[in-house]
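This report concerns only the one structure given below.
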Amino acid sequence: EGAVNWLEEVEIIFEAMGCSEENKVTLGTYVLREEANHWWKNARQRLGAGGAVITWERFKREFLIKYFPADV
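Quick note on numbering: the UniProt record's numbering labels position 49 of the sequence shown as 49, and the sequence is numbered without any gaps.
Shown next, in the form of structure tokens:
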């Protein structure tokens, strides 16, 4: 539940700021802390392999798989 709440709060900030899709991953991941920040450093290398662009939708999917598994 914490992961879903975090995403909702970040998206409210994005909307208030008029954040572009291109900047969402950069700004959203900037506020990650502790273990989530370590997870992102590894996930970014894996997801961005070969120069692949990591969209906000892709980030959210991976983040929720990690921090809000469907079987909880």
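No residue lacks a Cβ here, since even glycine has one placed at the ideal position from N, Cα and C. No experiment lies behind these values; they were computed from the predicted model shown.
No residue range can be given for valine 31, since it is assigned to no alpha helix (DSSP H) and is classified by DSSP as neither H nor E.
When the beta-carbon positions are compared, leucine 7 and phenylalanine 63 come within less than 8 Å of each other. DSSP places glycine 50 in the helix class (H, G or I) of the three-state scheme.
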